[in-house]
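Asks:
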Amino acid sequence: MTEIQRFDRTELLADAEQFMGQYRTLKDLGFINKGGEFFPSGVHYPPITMYPPITQEDFFKGYQLPEDGLLDIYTHIPFCEKRCLFCHYPVKLGPGHELEKDRYLSALEQEMDIYMRQLGIDKIKARSILVGGGTPTYLTPDQLRRFLDYFVKRVDLSKCTQFNYDVDPNTLLGPDGAERLRIMRDYGVDRLTIGVQSLNNETLRNMNRHHGVKEVLDSIEESRKLGYQLNIEFIFGFPGQTIDSWIDDIEMAMSLDVDEIQIYRLKVEAYGDYQGPVKNVIEKQSLRVLDDNETLMMKRIAINMLTSRGFTENIRRVFCRTKKHVSHYAWNQCCMLYDEVGFGLTAFSSLRDRYGLNTQFFDEYYAQIAAGKLPLNRGLVRNEEEQKRWAAILPLKNSYVQKKIYRERTGESVDNFFPEKMARLKEYGLVVEDEHRITPTKLGAFFADEVVQQFYRSDYMPVARDEYAEGPLNPYLP
Ligand SMILES: C[S@@+](CC[C@H](N)C(=O)[O-])C[C@H]1O[C@@H](n2cnc3c(N)ncnc32)[C@H](O)[C@@H]1O
Ligand code: SF4
Numbered sequence: 000m001t002e003i004q005r006f007d008r009t010e011l012l013a014d015a016e017q018f019m020g021q022y023r024t025l026k027d028l029g030f031i032n033k034g035g036e037f038f039p040s041g042v043h044y045p046p047i048t049m050y051p052p053i054t055q056e057d058f059f060k061g062y063q064l065p066e067d068g069l070l071d072i073y074t075h076i077p078f079c080e081k082r083c084l085f086c087h088y089p090v091k092l093g094p095g096h097e098l099e100k101d102r103y104l105s106a107l108e109q110e111m112d113i114y115m116r117q118l119g120i121d122k123i124k125a126r127s128i129l130v131g132g133g134t135p136t137y138l139t140p141d142q143l144r145r146f147l148d149y150f151v152k153r154v155d156l157s158k159c160t161q162f163n164y165d166v167d168p169n170t171l172l173g174p175d176g177a178e179r180l181r182i183m184r185d186y187g188v189d190r191l192t193i194g195v196q197s198l199n200n201e202t203l204r205n206m207n208r209h210h211g212v213k214e215v216l217d218s219i220e221e222s223r224k225l226g227y228q229l230n231i232e233f234i235f236g237f238p239g240q241t242i243d244s245w246i247d248d249i250e251m252a253m254s255l256d257v258d259e260i261q262i263y264r265l266k267v268e269a270y271g272d273y274q275g276p277v278k279n280v281i282e283k284q285s286l287r288v289l290d291d292n293e294t295l296m297m298k299r300i301a302i303n304m305l306t307s308r309g310f311t312e313n314i315r316r317v318f319c320r321t322k323k324h325v326s327h328y329a330w331n332q333c334c335m336l337y338d339e340v341g342f343g344l345t346a347f348s349s350l351r352d353r354y355g356l357n358t359q360f361f362d363e364y365y366a367q368i369a370a371g372k373l374p375l376n377r378g379l380v381r382n383e384e385e386q387k388r389w390a391a392i393l394p395l396k397n398s399y400v401q402k403k404i405y406r407e408r409t410g411e412s413v414d415n416f417f418p419e420k421m422a423r424l425k426e427y428g429l430v431v432e433d434e435h436r437i438t439p440t441k442l443g444a445f446f447a448d449e450v451v452q453q454f455y456r457s458d459y460m461p462v463a464r465d466e467y468a469e470g471p472l473n474p475y476l477p
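Per numbering that gives the first Met the number 0, the very first residue in the sequence shown carries number 0; after that it's consecutive.
Quick look at the structure:
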């Protein structure tokens with residue numbers, strides 16, 4: 000950790016307040032919903048809750064592996080120490096699930112085998128790997144070794160450019176933590192995403208996190224000793240946080256020995272089927288609740304702080320010290336639109352023109368695998384129109400549309416993609432275009448979720464037409 004460099008707070012606040020004028024203008028134009036509610040578009044289109052049921056047979060009908068056979072791989076391990084109040088993921092909590100974890104790891108192993116049989120391969124050629132959760136390091140060192148051992152036996156790592164684990168600080172500490180760090184390194188893991196969430200002990204307690212600031216600092220130090228690339232994640236807009244405490248967080252984050260800082264705006268509504276406890280916290284108002292103005296000022300302030308000290312937003316929300324530090328998994332899936340397979344509860348696969356989602360329920364997960372089937376229960380093979388929306392929405396949200404890739408994935412030129420809407424976004428300074436790319440401007444990047452919602456099919460929109468002002472940027476306009 001280096002010395003904390005302080006910022007001029009009056010300047011940061013003045014800029015953020017001025018920026019809120021632009022926010023109000025965008026609301027008047029119909030671009031942002033009147034209530035200022037936050038609907039992230041994430042890495043899926045259509046939104047994850049809106050997929051119809053699909054069978055394994057229909058999901059794979061007509062699918063062929065890419066010519067080079069490379070796939071990005073996601074694997075999900077849904078166990079954690081305790082429930083963080085902002086979290087919407089279905090997880091089993093606490094130390095009482097050792098047998099269940101063994102059972103889950105066995106099912107996951109079988110799921111990989113069923114998947115490979117379905118694809119007609121005996122190893123998966125990995126382009127990149129992400130193991131997430133849950134807390135995938137909330138396994139005993141023996142369980143972690145067992146998992147990694149069978150996992151890498153099924154994966155060809157020769158072309159894999161990054162092997163990332165999402166971890167929490169506690170699981171990297173003490174003798175077990177040291178062993179986990181060594182085991183992961185031995186199996187080729189080279190990047191860790193540490194869920195830090197805040198560097199303020201009171202906020203961490205309010206979030207019901209299972210660690211304090213000291214554990215965060217120690218876990219970064221221990222990981223660095225083994226040479227991991229490090230990405231740390233934060234949440235802003237959580238009840239009880241203040242603009243001042245958030246500036247402290249970012250100042251301190253920049254003094255840490257990490258490569259990337261990722262900032263998430265608090266999402267109150269569930270992403271999937273499970274609604275986390277944060278809605279209750281807000282309804283009870285036991286902590287001071289922040290409105291959209293304050294939350295967006297926090298975002299503006301953090302972006303100004305990070306970019307003024309040399310961090311670049313290489314992929315939305317993630318601020319890196321150098322270009323090479325980016326999640327390959329996220330880049331490949333959302334910006335290059337490469338094929339990706341997912342294993343485990345809630346995991347998804349994104350294969351060329353289709354998206355399949357695994358069940359969110361443990362019992363169904365085990366039962367499907369015991370019956371020799373993949374635990375897929377929802378998904379979609381996109382028609383031509385939906386394929387075009389998908390091929391523009393994901394990269395525009397996460398970085399920029401590369402015209403060549405759009406053409407490869409759709410067979411068409413992006414010039415024909417909603418030209419009137421695109422022209423309006425350009426007119427209002429939200430996107431720019433050159434020979435090779437369509438890129439959100441700084442303002443467009445700030446409101447990237449709203450930029451891409453311009454291109455949603457109307458029945459996938461998060462709120463009704465009259466929730467937006469009837470201006471020229473109302474997303475329901477053709
Ligand atoms: C898939 S989660 C798993 C994180 C990991 N289990 C941990 O807690 O450290 C990845 C990140 O999403 C962010 N996140 C989770 N729930 C969120 C919510 N409701 N709103 C905004 N960000 C959220 C957090 O920063 C979290 O670290
Ligand atoms: S945020 Fe992470 S550690 Fe907390 S409950 Fe959710 S998945 Fe588990």
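Where is the CB? At the ideal position from N, CA and C, for every residue including glycine.
1. Can you check the region 395-455 for any alpha helix (DSSP H) of at least 4 residues that lies completely inside it and give the ranges in chain order?
2. Under 7 Å: does the beta carbon of phenylalanine 85 sit that close to some heavy atom of ligand 1?
3. What would DSSP say about isoleucine 53, mapped onto helix, strand or coil?
4. Can you list, in chain order, the residues of its chain whose CB lies under 7 Å from that of tyrosine 273, leaving out five sequence neighbours each side?
5. Any heavy atom of ligand 2 closer than 7 Å to the beta-carbon of valine 166?
6. Excluding the five sequence neighbours on either side, which residues of its own chain have a C-beta within less than 8 Å of the C-beta of aspartate 27, listed in chain order?
7. My output table needs one value for arginine 478: the three-state DSSP class, helix, strand or coil.
8. Run through the region 102-137 for me and flag every whole beta strand (DSSP E) of 3 or more residues, listed as ranges in chain order.
9. Quick one: does the C-beta of glycine 61 sit closer than 7 Å to a heavy atom of ligand 2?
10. Return the chain-ordered ranges of every alpha helix (DSSP H) run that is complete within the region 258-304 and spans a minimum of 4 residues.
11. Taking only the alpha-carbon atoms, compute the straight-line gap between arginine 377 and isoleucine 182 and give it to the nearest angstrom.
12. Ends of the beta strand (DSSP E) at glycine 341?
13. Compute the minimum distance between the beta carbon of valine 90 and the heavy atoms of ligand 2, and state whether it is under 7 Å.
14. Which residue wins for smallest C-alpha separation from leucine 25, given the options Tyr459, Asn200 and Phe446?
15. Say whether the region 62-75 touches the region 409-427, bearing in mind that this needs 3 or more beta-carbon pairs closer than 8 Å, one atom from each stretch.
16. Here's the rule: buried if 16 or more other CB atoms are within 10 angstroms of the residue's CB, otherwise exposed. What is threonine 202?
17. Count the other C-beta atoms from every protein chain shown that fall within 10 angstroms of the C-beta of aspartate 248, then say buried if there are 16 or more, exposed otherwise.
18. Using 10 angstroms around the beta-carbon of histidine 75, count the other beta-carbons present and answer buried if the total reaches 16, otherwise exposed.
19. So leucine 11 is in the alpha helix (DSSP H); what residue range does that whole segment cover?
20. Distance check for aspartate 141 and serine 307, CA to CA, integer angstroms please.
21. Considering just the uninterrupted stretch of the alpha helix (DSSP H) at glutamate 214, what are its terminal residues?
22. Beta carbon of isoleucine 3, beta carbon of serine 254: below 8 Å?
23. Do you know offhand how far valine 212's Cα is from lysine 33's?
24. Thinking C-beta only, is glutamine 261 closer than 8 Å to asparagine 480?
25. So, with DSSP's three-state summary, where would you put tyrosine 88?
26. What is the rounded straight-line gap between the Cα of valine 451 and the Cα of glycine 187?
27. So, using beta-carbon positions, are lysine 100 and phenylalanine 78 closer together than 8 Å?
28. Can you tell me where the beta strand (DSSP E) with glutamine 196 in it begins and where it stops?
29. With a threshold of 8 Å, are at least 3 pairs of Cβ atoms found where one atom belongs to the region 158-177 and the other to the region 214-224?
30. Give the secondary structure of valine 151 by DSSP, where H, G and I count as helix, E and B as strand, and everything else as coil.
31. So for threonine 1, helix, strand or coil by DSSP?
32. Tell me which same chain residues have a C-beta within less than 8 Å of the C-beta of methionine 296, skipping the five on either side of it?
Replies: In short:
1. Counting only runs of at least 4 residues, the region 395-455 fully encloses the following alpha helix (DSSP H) elements, listed from N- to C-terminal order: 402-409, 418-426, 441-445 and 447-452.
2. For the purposes of this step, residue 85 is identified with residue 86 of the sequence shown, where counting begins at 1. The nearest non-hydrogen atom of ligand 1 is less than 7 Å from the C-beta of phenylalanine 85.
3. The sequence position of residue 53 within the sequence shown is 54, counting from 1. DSSP places isoleucine 53 in coil when its eight states are reduced to three.
4. Against the sequence shown, residue 273 aligns to sequence position 274. Cβ within range, chain order: His87, Tyr88, Pro89 and Gln359.
5. In the sequence shown, counting from the first residue as 1, residue 166 sits at position 167. No, Cβ of valine 166 sits at least 7 Å from all heavy atoms of ligand 2.
6. Indexing the sequence shown from 1 puts residue 27 at position 28. By the criterion of a C-beta distance shorter than 8 Å, aspartate 27 is surrounded in its chain by Ala468 and Gly470, once the five residues flanking it on both sides are discounted.
7. Lying before the first or after the last residue shown, residue 478 is absent from the chain, which here runs from 0 to 477.
8. Runs of the beta strand (DSSP E) inside the region 102-137: 123-132.
9. Counting from one through the sequence shown, the residue named residue 61 turns up at place 62. No - ligand 2 has no heavy atom lying nearer than 7 Å to the Cβ of glycine 61.
10. The qualifying runs are 277-283.
11. Counted from its first residue, the sequence shown places residue 377 at position 378. Counted from its first residue, the sequence shown places residue 182 at position 183. Their Cα atoms are separated by approximately 35 Å.
12. Taking the sequence shown and counting its residues from 1, the one referred to as residue 341 is at position 342. Its beta strand (DSSP E) spans residues 339-342.
13. Start at 1 with the first residue of the sequence shown, and residue 90 comes out as number 91. Result yes, Cβ under 7 Å from ligand 2.
14. Translated into the one-based positions of the sequence shown, residue 25 becomes position 26. With distances taken between CA atoms, leucine 25 lies nearest to Phe446 out of Tyr459, Asn200 and Phe446.
15. Contact fails: fewer than three Cβ-Cβ distances are below 8 Å.
16. For this step, residue 202 is matched to residue 203 along the sequence shown. With a 10 Å radius around the Cβ and a threshold of 16 neighbouring Cβ atoms, threonine 202 comes out buried.
17. Position 249 of the sequence shown, counted from the start, is the residue given in the question as residue 248. It counts as buried.
18. Numbered from 1 along the sequence shown, position 76 holds the residue referred to as residue 75. The residue is buried, with at least 16 neighbouring Cβ atoms inside 10 Å.
19. The count along the sequence shown starts at 1 and reaches residue 11 at position 12. Note, leucine 11: alpha helix (DSSP H), 8-27.
20. Here residue 307 corresponds to residue number 308 of the sequence shown, with the count starting at 1. Here residue 141 corresponds to residue number 142 of the sequence shown, with the count starting at 1. Each residue's Cα considered, the two are about 44 Å apart.
21. One-based indexing of the sequence shown puts residue 214 at position 215. For glutamate 214, the uninterrupted alpha helix (DSSP H) segment begins and ends at 212-224.
22. Against the sequence shown, residue 3 aligns to sequence position 4. Against the sequence shown, residue 254 aligns to sequence position 255. Contact flag set, yes.
23. Stepping through the sequence shown from its first residue, residue 212 is reached at position 213. Stepping through the sequence shown from its first residue, residue 33 is reached at position 34. About 37 Å.
24. No answer is possible for residue 480: the residues shown for the chain start at 0 and end at 477.
25. Against the sequence shown, residue 88 aligns to sequence position 89. DSSP places tyrosine 88 in the coil class of the three-state scheme, outside both helix and strand.
26. Sequence index remark: in the sequence shown, residue 451 carries index 452 (1-based). Sequence index remark: in the sequence shown, residue 187 carries index 188 (1-based). Roughly 36 Å separates the two Cα atoms.
27. By 1-based counting over the sequence shown, the position of residue 100 is 101. By 1-based counting over the sequence shown, the position of residue 78 is 79. At a Cβ-Cβ threshold of 8 Å, lysine 100 and phenylalanine 78 count as neighbours.
28. Within the sequence shown, the letter at position 197 stands for residue 196. Secondary structure note for glutamine 196: its beta strand (DSSP E) is the uninterrupted segment 190-196.
29. Result yes; three or more Cβ-Cβ pairs closer than 8 Å.
30. Taking the first residue of the sequence shown as position 1, residue 151 is located at position 152. Secondary structure of valine 151 (DSSP, three-state): helix.
31. Along the sequence shown, read from residue 1 onward, the residue named residue 1 stands at position 2. Annotated three-state conformation of threonine 1 is coil, per DSSP.
32. Locating residue 296 in the sequence shown gives position 297, where the first residue counts as 1. The answer, listed in chain order, is Leu12, Ala15, Glu16, Phe18, Met19 and Ile242.
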